[in-house]
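> Chains as they are written, first to last, in the numbering used here: chain L, 352 to 507; chain F, 352 to 507.
Could you have a look at this structure, given as structure tokens, before my questions?
2 protein chains.
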Amino acid sequence: MKLRNLKPSDYTAISPLIDEWWGGRKMSHLLPKLFFDHFNDTSFIVEKDGDIIGFLIGFLSQTSSDKAYIHFVGVDPKYRKFNVGRQLYNTFFDQVKQNDRHSVHCITSPVNKTSIAFHLKMGFLIEGGDKEIDGVYVHSDYDSPAEDRVLFMKRI
Amino acid sequence: MKLRNLKPSDYTAISPLIDEWWGGRKMSHLLPKLFFDHFNDTSFIVEKDGDIIGFLIGFLSQTSSDKAYIHFVGVDPKYRKFNVGRQLYNTFFDQVKQNDRHSVHCITSPVNKTSIAFHLKMGFLIEGGDKEIDGVYVHSDYDSPAEDRVLFMKRI
């Protein structure tokens, strides 16, 4: 496995993979081309035998000089047990620390129990919300109307 | 009319406006909450009598230290002749110049003739593409599969 920075030309390969890896859910609209052009130093790809098997797209907050944000992470379902996600997150943490950022933020859907478990295992805390679902704090209507989200934060 | 920086709490007001201003086209997914949290110093709102009548969301490229990017601009159709867009763009140019950026980039759909005309009037150049539609260079499959885009660039 090889980890490297994201390049603009990775868009053509990754965009069709997204809907496939998410089991046909239409997700690729969440990753317009701009994310492949303007945040390359904090976005990463894992390849195996020349194929992309995972990616992380994140950036340094322009507004909050101590914060970094992870927007989108995808791992090929065939490689879910190979610590690809962990490796991508740890690389992101190292990179943003070099940019003097000490808090990393991301969000997930409350139905995505695998993602919630993963973030807790990676040391993220769940930020307080306005309601609770299955013991987890949730922010109602956070991202698009009627889209609840769990908010994560990790100090690094 | 009052122009100010975008705040995270503007999300709740703007997200439902988008689909309305675009005549029912589903566009609000292009503006997830993250754009309201992390790029506030380069994103702006125009208000009239307390109502939002226009907004611009842009950022400084993290990868290219000379570039800035305008992601999304919306103007209430009732105020299309009031130079709201021009005012937002000029404010963005001033702000990013202060951050030592001298090239501004954005994209639009080739069917959006009003947007193409507006950008040309604002002094943007159209970047060369792989095909031509109605005399305009277009990049095929640029943003999501089968979504062609016109690419604009302006030196400031």
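By construction, the Cβ of each residue, glycine as well, lies at the ideal position given by its N, Cα and C atoms.
With a 10 Å radius around its C-beta and 16 neighbouring C-beta atoms as the bar for buried, classify Asp388(L) as buried or exposed.
By one-based count along the first sequence, residue 388(L) stands at place 37. So Asp388(L) counts as buried.
> Listed from N- to C-terminal order along the chain, which residues in the segment 384-404 of chain F have their beta-carbon within a distance smaller than 8 Å of any beta-carbon of chain L?
Listed by position along the chain: Lys384, Leu385, Asp388, His389, Phe390, Asn391, Asp392 and Thr393.
> Looking at chain F, which residues of the segment 473-485 of chain L have a Cβ within less than 7 Å of any of its Cβ atoms?
Cβ contacts with chain F come from no residue of the segment 473-485 of chain L.
> Going by DSSP, what residues sit across from Phe423(F) in a beta bridge?
As a first step, residue 423(F) is located in the second sequence; it is residue number 72 there, counting from the start. Paired residue(s): Ile408(F).
> Which residues, taken in chain order from the segment 410-426 of chain F, show a beta carbon closer than 8 Å to some beta carbon of chain L?
Phe410, Leu411, Ser412, Gln413, Thr414, Ser415, Lys418, Tyr420 and His422
> Output, in chain order, the set of chain L residues within a Cβ distance shorter than 8 Å of Tyr493(F).
Mapped onto the second sequence, residue 493(F) falls at position 142. By Cβ distance, chain L contributes Lys384.
> On a Cα-Cα basis, can you pick out the residue from Lys358(F), Val424(F) and Val455(F) that is closest to Asp417(F)?
Counted from its first residue, the second sequence places residue 417(F) at position 66. The option with the nearest alpha carbon to Asp417(F) is Val455(F).
> On the DSSP bridge assignment, give the partners of Asp402(F) in chain order.
Looking up residue 402(F) in the second sequence gives position 51. The beta-bridge partner set that DSSP reports for Asp402(F) consists of Lys399(F).
> Give me, in chain order, the residues of the same chain whose beta-carbon lies closer than 7 Å to that of Asp481(L); leave out the 5 immediate sequence neighbours on both sides.
Here residue 481(L) is taken as the residue at index 130 of the first sequence, counted from 1. Counting only Cβ-Cβ distances below 7 Å, and skipping sequence neighbours, we find His490 and Ser491.
> Measure from the C-beta of Arg500(L) to each C-beta in chain F and report whether the shortest distance is under 9 Å.
On the first sequence, residue 500(L) is found 149 positions in, with the first residue counted as 1. Judged by the 9 Å Cβ criterion, Arg500(L) is in contact with chain F.
> Find out if the Cβ-Cβ distance for the pair Leu502(F), Ile484(F) is shorter than 9 Å.
Taking the first residue of the second sequence as position 1, residue 502(F) is located at position 151. Taking the first residue of the second sequence as position 1, residue 484(F) is located at position 133. Going by C-beta atoms, Leu502(F) is not nearer than 9 Å to Ile484(F).
> Applying the criterion that 16 or more other CB atoms from any shown protein chain within 10 Å of the CB defines a buried residue, is Pro461(F) buried or exposed?
Taking the first residue of the second sequence as position 1, residue 461(F) is located at position 110. The residue is buried, with at least 16 neighbouring Cβ atoms inside 10 Å.
> With C-beta atoms as the reference, is Leu382(L) less than 9 Å away from Ile365(L)?
Taking the first residue of the first sequence as 1, we reach residue 382(L) at position 31. Taking the first residue of the first sequence as 1, we reach residue 365(L) at position 14. For Leu382(L) and Ile365(L), yes; Cβs fall inside 9 Å.
> On the DSSP bridge list, what partners appear for Arg506(L)?
The residue given as residue 506(L) occupies position 155 in the first sequence. Per DSSP, Ser454(L).
> Assuming the contact rule is C-beta atoms closer than 8 Å, Ala419(F) and Leu407(F) should be a hit. Round their C-beta distance to whole Å, please.
Here residue 419(F) refers to the residue found at position 68 when the second sequence is read from its first residue. Here residue 407(F) refers to the residue found at position 56 when the second sequence is read from its first residue. Actually they do not touch by this definition, with Cβ atoms about 11 Å apart.
> What does Ser454(F) reach in chain L if we use C-beta pairs closer than 8 Å?
As a position in the second sequence, residue 454(F) is number 103, starting the count at 1. Counting only Cβ-Cβ distances below 8 Å, Ser454(F) has no contacts in chain L at all, with the closest Cβ about 12 Å away.
> With distances taken between CB atoms, is the gap from Asp494(L) to Ile467(L) smaller than 9 Å?
Within the first sequence, numbered from 1, the residue matching residue 494(L) stands at position 143. Within the first sequence, numbered from 1, the residue matching residue 467(L) stands at position 116. Not a contact, by the Cβ cut-off of 9 Å.
> Give the residues from the segment 365-385 of chain F that approach chain L closer than 8 Å (Cβ to any Cβ), ordered along the chain.
Ser366, Pro367, Ser379, His380, Leu381, Pro383, Lys384 and Leu385
> By DSSP, does Ser415(F) sit in helix, in strand, or in coil?
By one-based count along the second sequence, residue 415(F) stands at place 64. In the structure shown, Ser415(F) adopts coil according to DSSP, grouped into three states.
> With 16 as the cutoff for other CB atoms within 10 Å, does Leu471(L) come out buried or exposed?
Here residue 471(L) corresponds to residue number 120 of the first sequence, with the count starting at 1. Classification for Leu471(L): exposed.
> Which of the three DSSP states is assigned to Gly490(F) in this structure?
The residue given as residue 490(F) occupies position 139 in the second sequence. As written in the sequence, residue 490(F) is His, which differs from the Gly given in the question. It is a strand residue.
> Does any C-beta atom of chain L lie closer than 9 Å to the C-beta of Thr363(F)?
As a position in the second sequence, residue 363(F) is number 12, starting the count at 1. Yes, Thr363(F) lies at the interface with chain L (some Cβ there is under 9 Å from its Cβ).
> Taking all protein chains shown into account, decide if Thr393(F) is buried (16 or more other Cβ within 10 angstroms of its Cβ) or exposed.
Numbered from 1 along the second sequence, position 42 holds the residue referred to as residue 393(F). With 16 or more other Cβ atoms inside 10 Å of its own Cβ, Thr393(F) counts as buried.
> Within 9 Å (strictly less), CB to CB, does Ile507(L) reach chain F?
Taking the first sequence and counting its residues from 1, one reaches residue 507(L) at position 156. At a cut-off of 9 Å between beta-carbon atoms, Ile507(L) makes no contact with chain F.
> Does Asn463(L) pass the burial test, meaning 16 or more other C-beta atoms within 10 Å, or should it be called exposed?
Working through the first sequence from its first residue, we reach residue 463(L) at position 112. Exposed is the call here.
> Could you pull out every residue in the same chain whose Cβ sits closer than 7 Å to the Cβ of Phe433(F), ignoring the five residues on either side in sequence?
Stepping through the second sequence from its first residue, residue 433(F) is reached at position 82. Within the same chain, and ignoring the five residues on either side of Phe433(F) in sequence, no residue has its Cβ closer than 7 Å to its Cβ.
> So what does Val501(L) bridge to, in DSSP terms?
As a position in the first sequence, residue 501(L) is number 150, starting the count at 1. In DSSP, Val501(L) forms a bridge with Thr459(L).
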